[in-house]
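Enquirer: Residue numbers (our numbering), protein chains in the order written: chain Z, 1250 to 1447; chain L, 5 to 164.
There's a structure below that I have some questions on.
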């Protein structure tokens, strides 16, 4: 799919898309990959259910997996970018092996290393992250190219039996800075306390 | 492990860990998470702690090199990270490919702030593990138990 797909097909605007999706999360926990997914999530409205990150590239899915294994009653979404996902691509096989039913991944795929200067990323070529997920045992995958698919996507990410993975082809956009708390200890303690209270 | 409430063990296996990993697999109260690369363990263990439980990562010394950048994650979140490392590339090593990383394990871990506990006597493994686990989980720190080839036996591929 992505081999045929040029960046011209990437027309979803990330900020309203993420905001609309997270409105429908229904108590799900969200682990944000570093950079733009963290900014998008914070821009949509802060919550102790959001685990922001400013580093640890490649570790969004492993971190979300750990939370999902420790908290089977809670739905967990790893919300990350294409470069972050590819750096941790092996972790999809670990998720496929553990097969947590409460686990979902959304890759915001702009086919670029947007944070560092919009250099070309591998998903602009032949790499198909959803096909990888399928091959390593994810229950289902979904490709999203339209803003209007959010209700269906929310159903898929927050309700369908996991592990599931969706790829959303997003546009390169100029978004205002939205920087959350930077102190990891504060982010982690808030997140942990919120889980313990529920 | 159970005395320190560790219920999830992440691993890329090693020969010296085999009996332990078998026991974990056989124990219904424990979960074994097999990784593709050791750094994933930093993410999983951090996530497990955020979710209110305890995990650790068991690996061969060659895997430590894969973890260095990833160790920034538990450090930044001030989350505990407990590692059990079976050493290669030191006492009686047969394979030269194991030596560069094996010799660099302790300085590399210490350079990124991991507290190292070396063990070279079998009878001290248990208490050392408990001490490292207490430091990690009560101090929200990264700690590694480095088990010498002197304890686990040096591999020879029948050619020593």
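Beta carbons: idealized from backbone N, C-alpha and C, even for Gly.
What distance in whole Å lies between the Cβ atoms of residue 18 (chain L) and residue 90 (chain L), which are believed to be in contact at a cut-off of 8 Å?
Expert: 5 Å
Enquirer: With the cut-off set at 9 Å, would you say residue 1407 (chain Z) and residue 1273 (chain Z) are in Cβ contact?
Expert: In contact: residue 1407 (chain Z) and residue 1273 (chain Z) (Cβ atoms closer than 9 Å).
Enquirer: Report buried or exposed for residue 1413 (chain Z), applying the criterion of at least 16 other Cβ atoms within 10 angstroms of its Cβ.
Expert: buried
Enquirer: Which of the three DSSP states is assigned to residue 1254 (chain Z) in this structure?
Expert: Confidence is the limiting factor: at residue 1254 (chain Z) the pLDDT is only 47, short of 50, which leaves the residue's position unreliable, though a coordinate-based value still follows. Look at residue 1254 (chain Z) here: in three-state DSSP terms it is coil, with no helix or strand label.
Enquirer: Judging by CA-CA distance, which residue of Z:1288, Z:1387, Z:1432, Z:1397 is the nearest neighbour of residue 1353 (chain Z)?
Expert: Z:1387
Enquirer: Taking 8 Å as the threshold, find out whether the stretch 145-153 of chain L comes into contact with the stretch 119-137 of chain L through three or more Cβ pairs.
Expert: yes
Enquirer: Does residue 150 (chain L) come within less than 9 Å of chain Z when only Cβ atoms are used?
Expert: no
Enquirer: Measure the C-alpha to C-alpha separation of residue 1255 (chain Z) and residue 1351 (chain Z) and round it to an integer number of angstroms.
Expert: Bear in mind that a pLDDT of 48 at residue 1255 (chain Z), under 50, signals an unreliable position, so the number given afterwards is only what the model happens to contain. Taking the straight line joining both Cα atoms gives about 32 Å.
Enquirer: For chain Z, check one thing: does any of its Cβ atoms lie closer than 9 Å to the Cβ of residue 46 (chain L)?
Expert: Residue 46 (chain L) belongs to the set of residues whose beta carbon lies under 9 Å from a beta carbon in chain Z.
Enquirer: List the residues of chain Z whose Cβ lies closer than 9 Å to the Cβ of residue 12 (chain L), in chain order.
Expert: 1315, 1318, 1319
Enquirer: So if DSSP puts residue 1343 (chain Z) in a beta bridge, which residue, or which two residues, is it bridged to?
Expert: DSSP lists no partner for residue 1343 (chain Z).
Enquirer: If you count every other CB in all the chains shown that lies within 10 Å of the CB of residue 103 (chain L), and 16 or more means buried, which is it?
Expert: exposed
Enquirer: Using the Cβ count rule (16 or more neighbours within 10 Å means buried), how would you classify residue 6 (chain L)?
Expert: exposed
Enquirer: Of the choices Z:1365, Z:1420, Z:1368, whose alpha-carbon is the least far from that of residue 1356 (chain Z)?
Expert: Z:1420
Enquirer: Residues of the stretch 20-53 of chain L in Cβ contact with chain Z at a cutoff of 8 Å, in chain order, please.
Expert: 35, 37, 38, 39, 40, 41, 43, 44, 45, 46, 47, 48, 49, 50, 51, 52, 53
Enquirer: The stretch 101-118 of chain L: which residues have C-beta closer than 7 Å to a C-beta of chain Z, in chain order?
Expert: Taking a C-beta cut-off of 7 Å against chain Z, none of the residues of the stretch 101-118 of chain L qualify.
Enquirer: Scan the stretch 1335-1360 of chain Z for residues whose Cβ lies nearer than 8 Å to a Cβ of chain L and list them as they occur along the chain.
Expert: Cβ proximity to chain L below 8 Å picks out 1337, 1339, 1340, 1342, 1343, 1346, 1347 from the stretch 1335-1360 of chain Z.
Enquirer: For chain L, find out if any of its Cβ atoms is closer than 9 Å to the Cβ of residue 1312 (chain Z); answer yes or no.
Expert: yes
Enquirer: Just confirm the distance between the C-beta atoms of residue 117 (chain L) and residue 79 (chain L), as a whole number of angstroms; I'd bet it's less than 8 Å.
Expert: 6 Å
Enquirer: Taking only runs that begin and end inside the stretch 1309-1333 of chain Z, name each unbroken alpha helix (DSSP H) of 4 or more residues, in chain order.
Expert: 1309-1319
Enquirer: Whole angstroms is fine: what's the gap from residue 60 (chain L)'s alpha carbon to residue 1266 (chain Z)'s?
Expert: 37 Å
Enquirer: Which runs of the beta strand (DSSP E) at least 3 residues long sit entirely within the stretch 61-112 of chain L? Give them in chain order.
Expert: 85-90
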